[in-house]
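Quick notes on the structure that follows.
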Amino acid sequence: NPPILRRLDRIFLSPELFSVFPSSSLVLGPRHLSDHAPLLISLLQGR
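Note that my numbering has the sequence shown beginning at 750, numbered continuously upward.
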């Protein structure tokens, strides 16, 4: 049976978070040995 690959990695953030940290970003990391990908959030204040 072939593997079923579906993107299940999710993150939920409130709009208020982006008003406090307007220069924030989210990076989806690479998949290596798992069907999950790491999610990296950078919370940066300022422009």
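Ideal Cβ placement from N, Cα and C applies to all residues, glycine included.
Could you check the C-alpha separation between Pro752 and Val776 for me, to the nearest Å? Approximately 25 angstroms, taken between the alpha carbons.
Among all the DSSP beta bridges, which residues are the ones paired with Ser772? Answer is none; Ser772 lacks a bridge partner.
Alpha carbon to alpha carbon, what distance is there between His781 and Ser772? 28 angstroms
Pick helix, strand or coil for Leu789, following the three-state DSSP scheme. strand
According to DSSP, is Leu762 helix, strand or coil? Residue state, collapsed to three classes: coil.
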